[in-house]
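Novice:
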Amino acid sequence: MINLVLFGKPGAGKGTQAAFLKEQYQLVHISTGDVFRYNIKNATPLGKLAQSYMDKGDLVPDQVTIDMLEAEVEKNPAANGFIFDGFPRTDAQAQSLDDFLAKKEMAVSGTIALEADDDELVARLLKRGETSGRPDDQDETKIRNRFDEYNQKTAPLREYYLAQGKFHSVNGIGSIDEITARLKAVIDGL
Ligand code: AMP
658 MINLVLFGKP GAGKGTQAAF LKEQYQLVHI STGDVFRYNI KNATPLGKLA QSYMDKGDLV
718 PDQVTIDMLE AEVEKNPAAN GFIFDGFPRT DAQAQSLDDF LAKKEMAVSG TIALEADDDE
778 LVARLLKRGE TSGRPDDQDE TKIRNRFDEY NQKTAPLREY YLAQGKFHSV NGIGSIDEIT
838 ARLKAVIDGL
């Protein structure tokens with residue numbers, strides 16, 4: 658069983674790469690951002706709660722996100738493994754993911770961060786915002802706030818996973834195929 662965590666700032670290509678990797682390794686892809694957006698679209702109580710945070714580019718509170726992630730995993734009891742895209746994003750989320758997986762006799766196999774510089778990412782996100790309709794992709798202030806959230810709360814997880822020997826990073830600049838090949842090289846070495 659392979660359980661992967663994809664790290665990377667907004668726009669780094671986590672979703673794009675997860676779509677290839679899930680086919681290649683037959684994994685279930687869980688994007689917490691996608692699940693929140695699905696709930697917003699369907700006006701569920703979870704969607705209403707998450708929307709105010711997401712629209713500003715702030716993180717949704719931990720317990721809400723953790724409960725949602727666990728429910729998504731529970732929906733897939735026969736999975737070969739998971740790609741966690743956009744989760745964990747905080748220390749509390751990382752701890753709870755380890756505890757939750759351990760109870761199921763599972764574990765994170767490895768984490769991979771897609772690295773790209775902020776200016777490149779802002780340009781990608783503003784372009785994506787033209788077609789995605791995502792309010793958090795259409796305004797540079799919100800985008801920069803999402804980077805701040807990442808730097809303050811998510812980037813420190815590097816140390817958390819390094820201490821477990823589970824942190825890897827790849828250059829996220831290049832063609833989609835090149836980046837997929839870099840990720841596969843890491844995954845095949847796990
Ligand atoms: P993403 O699609 O991964 O860029 O996520 C979009 C937004 O959803 C983020 O800016 C947060 O508001 C929210 N979100 C997604 N995943 C998480 C998470 N693990 N913890 C807290 N908020 C999250």
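Numbers given in the numbering used here equal positions in the sequence shown, counted from 1, plus 657.
A virtual CB, placed ideally from N, CA and C, is assigned to each residue, including glycine.
Are the CB atoms of Lys666 and Leu814 within a distance shorter than 8 Å?
Specialist: Not a contact, by the Cβ cut-off of 8 Å.
Novice: Can Tyr817 be considered in contact with the ligand AMP, in the sense that its beta carbon sits closer than 7 Å to one or more heavy atoms?
Specialist: Result no, Cβ not under 7 Å from the ligand AMP.
Novice: Quick check on this structure: which residue in Phe741, Asp834, Leu819 and Pro792 has the alpha carbon closest to the alpha carbon of Thr722?
Specialist: Cα-wise, what sits closest to Thr722 is Phe741.
Novice: Could you tell me the alpha carbon to alpha carbon distance between Leu754 and Pro745, rounded to whole angstroms?
Specialist: Looking at the two C-alpha atoms, the distance is approximately 7 Å.
Novice: What are the boundary residues of the beta strand (DSSP E) that Val827 is part of?
Specialist: First-last of the beta strand (DSSP E) with Val827: Phe824 to Asn828.
Novice: In the DSSP output, what is Phe664 paired with across the bridge?
Specialist: Beta-bridge pairing links Phe664 to Ala770.
Novice: Are Asn696 and Ala764 closer than 8 Å when you measure CB to CB?
Specialist: Their beta carbons are not under 8 Å apart, which means Asn696 does not touch Ala764 by this criterion.
Novice: Using 8 Å for Cβ pairs, my map puts Tyr817 next to Asp719. What's the rounded Cβ distance?
Specialist: In fact, because the Cβ distance is near 15 Å, the residues do not count as touching under 8 Å.
Novice: In angstroms, rounded to a whole number, what distance separates the CA positions of Pro734 and Met658?
Specialist: Looking at the two C-alpha atoms, the distance is approximately 12 Å.
Novice: Take Ile844 as the anchor and find which of Phe664, Ala669 and Tyr682 has the nearest alpha-carbon.
Specialist: Of the listed residues, the one whose Cα sits closest to Ile844 is Tyr682.
Novice: Over what stretch of residues does the alpha helix (DSSP H) that includes Gly846 continue unbroken?
Specialist: Per DSSP, Gly846 belongs to no alpha helix (DSSP H) and is neither H nor E.
Novice: Is Met658 near the ligand AMP, judged by its Cβ being under 7 Å from some heavy atom?
Specialist: False, no ligand heavy atom lies under 7 Å from that Cβ.
Novice: Can you confirm whether the stretch 662-677 touches the stretch 832-843 when touching is taken to mean that 3 or more C-beta pairs between the two stretches lie within less than 8 Å?
Specialist: In short, these stretches touch, since the Cβ pair count reaches three.
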